[in-house]
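Those letters in the sequence shown? Residues 408 to 647, per the working numbering, in order. Every residue, glycine too, gets a C-beta built ideally from N, C-alpha and C. The structure presented is a predicted model; accordingly, all values stated were derived computationally and were not measured. Data block below; observations after.
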Amino acid sequence: MTVKPYNTRRTKKEEVREMFDNIAPRYDLLNHTLSLNIDRLWRRRVVREVRRNNPAQVLDMATGTGDLAIEMARRMPGVHVMGVDLSERMLDRARGKVARQGLAGRIELLQGDAERLAAADATFDAATVAFGVRNFGDLDAGLRELARTIKPGGRIVILEFSRPRNRLFRALYEFYTRRILPSVGGAVSHDRRAYTYLPASVGEFPAPDAFLERLSQAGFRDCRARSVSGGIAQIYTGER
408 MTVKPYNTRR
418 TKKEEVREMF
428 DNIAPRYDLL
438 NHTLSLNIDR
448 LWRRRVVREV
458 RRNNPAQVLD
468 MATGTGDLAI
478 EMARRMPGVH
488 VMGVDLSERM
498 LDRARGKVAR
508 QGLAGRIELL
518 QGDAERLAAA
528 DATFDAATVA
538 FGVRNFGDLD
548 AGLRELARTI
558 KPGGRIVILE
568 FSRPRNRLFR
578 ALYEFYTRRI
588 LPSVGGAVSH
598 DRRAYTYLPA
608 SVGEFPAPDA
618 FLERLSQAGF
628 RDCRARSVSG
638 GIAQIYTGER
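Below you can see the structure in the form of structure tokens.
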């Protein structure tokens with residue numbers, strides 16, 4: 408059974424859009440606070456992976472409030488980033504941040520669907536997704552669509568949560584995500600179900616080896632996974 412934020416008869420995609428619209432005003436505060444700002448370090452590692460090929464055009468799928476798009480634009484002079492997200496309210500937050508950073512000329516933000524991107528084949532030199540692939544309505548369709556829009560030889564870099572392998576660390580991590588995170592996140596965002604969905608969606612997401620196989624099936628080669636912060640997250644890379 409597919410985990411959804413609200414478990415109604417609507418599609419996962421519809422519920423995910425509503426969830427992020429609901430939590431957009433408090434998303435950045437909670438994201439950085441609940442992760443103890445470690446998420447900033449993870450994004451910098453993603454940027455280092457992306458800039459190895461000196462891309463000119465980058466797609467940031469599930470861009471949210473634009474943190475990764477902004478980090479790429481700041482650290483890769485001359486790059487143009489197209490950020491795409493389902494949630495218009497998250498994009499509204501992103502637009503404000505982009506404007507304040509003076510990056511409106513280099514970051515384009517569009518409302519869109521990972522499974523039906525409004526981009527021609529082989530448009531981008533690289534594509535990124537930070538904490539977004541587990542929210543795709545159809546994971547394999549979304550990966551195939553990303554592959555379609557990346558140029559031959561281009562790279563995909565995906566940052567996503569995973570379950571730590573060490574049993575003790577995993578137990579502590581899951582206590583935090585299943586008990587503390589929903590309480591704090593729910594109180595601040597006024598949407599407890601959104602922060603209950605987070606650990607549930609991580610638990611449902613394929614293990615690293617299985618996800619690498621899905622990337623290969625979508626059209627990527629030389630697919631690799633690198634564990635960060637004791638396995639709390641993985642950075643997946645592949646070449647088109």
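Strand pairing of residue i, partner residues [DSSP]
i: Thr584; result: In the DSSP output, where bridge partners are listed per residue, Thr584 has none listed.
i: Asp492; result: Gln518
i: Asp467; result: Gly490 and Thr535
i: Arg562; result: Ala533 and Glu646
i: Ala640; result: Phe568 and Val635
i: Arg523; result: Asp520
Host alpha helix (DSSP H) of residue i (start-end)
i: Ile430; result: Lys419 to Leu441
i: Arg631; result: Here Arg631 belongs to no alpha helix (DSSP H); instead the beta strand (DSSP E) covers Arg628 to Val635.
i: Phe618; result: Pro615 to Ala625
i: Gly485; result: No alpha helix (DSSP H) contains Gly485, which DSSP labels as neither H nor E.
i: Asp547; result: Leu546 to Thr556
i: Arg599; result: Arg599 to Glu611
Check whether residue i and residue j have beta carbons under 8 Å apart
i: Met426; j: Asp598; result: yes
i: Thr409; j: Tyr434; result: no
i: Leu437; j: Val595; result: yes
i: Leu550; j: Arg621; result: yes
i: Val564; j: Val486; result: no
i: Leu441; j: Thr470; result: no
Residue i versus residue j: straight-line alpha-carbon distance, rounded
i: Gly544; j: Asp428; result: 16 Å
i: Gly509; j: Leu566; result: 26 Å
i: Ala601; j: Arg585; result: 12 Å
i: Ile557; j: Asp528; result: 7 Å
i: Arg578; j: Met479; result: The question names Arg, but residue 578 is Ala in the sequence shown. If I take the Cα positions, the gap works out to 34 Å.
Residue span of the beta strand (DSSP E) that contains residue i, given as start and end
i: Val457; result: Not the beta strand (DSSP E): Val457 falls in the alpha helix (DSSP H), residues Ile445 to Val457.
Cβ distance (whole Å) where residue i is taken to contact residue j below 8 Å
i: Ile639; j: Pro571; result: 6 Å
i: Arg417; j: Leu493; result: Between Leu493 and Arg417 the Cβ distance is about 13 Å, and since that is not below 8 Å, they are no contact.
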